[in-house]
Amino acid sequence: MADEERLLKRTQLKRSEYHILGKPPKETDNDEDPSVEKTPDTGRLDAHLSNHDEEIFDDTDFYQQLLRELIESRMVDNDDPTAMGMRWAALRQSKQSKKAVDTKASKGRRLRYHVHDKLQSFMAPVPAGTWHEEMTEELFSSLLGRQSGLKDEDNEGEEEEAEDDVPDDGMRIFG
Numbered sequence: 001m002a003d004e005e006r007l008l009k010r011t012q013l014k015r016s017e018y019h020i021l022g023k024p025p026k027e028t029d030n031d032e033d034p035s036v037e038k039t040p041d042t043g044r045l046d047a048h049l050s051n052h053d054e055e056i057f058d059d060t061d062f063y064q065q066l067l068r069e070l071i072e073s074r075m076v077d078n079d080d081p082t083a084m085g086m087r088w089a090a091l092r093q094s095k096q097s098k099k100a101v102d103t104k105a106s107k108g109r110r111l112r113y114h115v116h117d118k119l120q121s122f123m124a125p126v127p128a129g130t131w132h133e134e135m136t137e138e139l140f141s142s143l144l145g146r147q148s149g150l151k152d153e154d155n156e157g158e159e160e161e162a163e164d165d166v167p168d169d170g171m172r173i174f175g
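Per full-length UniProt numbering, the sequence shown runs over residues 1 to 175.
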């Protein structure tokens, strides 16, 4: 873990031949990659990092090392009496340890609840109110193509007669 950059570059290597989506395939294999810095002391160490790509993550070498350690730990000599005694004592100690159980939580003596997260971007409803006669007239006039602001005196008389002809059924749409 001393050289984190070098370890990170080891996880970003293209270890096998496969095509990366979104990138054109390379036509020539260059052994020299300009992204890999070669200094006199690390030039030989980082020669295998020539297939470095920052968008790749491949941790197979780390996984293989962990797997190797697991296999080695399982293959410990089982004939050693002191090691077997220590394992048996640790197993007995783990079985004897009491589990932390809340005795007051049974039989309904303790309330169980879950705290919900706070609501985000919550806004209380805004009352829309009722529609006034002027608002409904403006809506219908805009829908039917009437002009509400430029009325002639002659047109006013005709519109009043037309409004009187509409029967009032008791059905109200707005308000």
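Glycine included, every Cβ here is placed at the ideal spot set by N, Cα and C.
These figures come from a predicted structure and were not determined experimentally.
Is the Cβ-Cβ distance between aspartate 58 and leucine 7 less than 9 angstroms? no
With a threshold of 16 other CB atoms inside 10 Å of the CB of arginine 74, please say whether the residue is buried or exposed. exposed
Just how far apart, CA to CA, sit histidine 116 and phenylalanine 122? 14 angstroms
Could you check how far apart the C-beta atoms of arginine 110 and lysine 104 are, in whole angstroms? I think they sit under 8 angstroms. 5 angstroms
Among all the DSSP beta bridges, which residues are the ones paired with histidine 52? Leu13
Suppose you measure from the CA of alanine 100 to the CA of alanine 83; what does that come to, to the nearest Å? 30 angstroms
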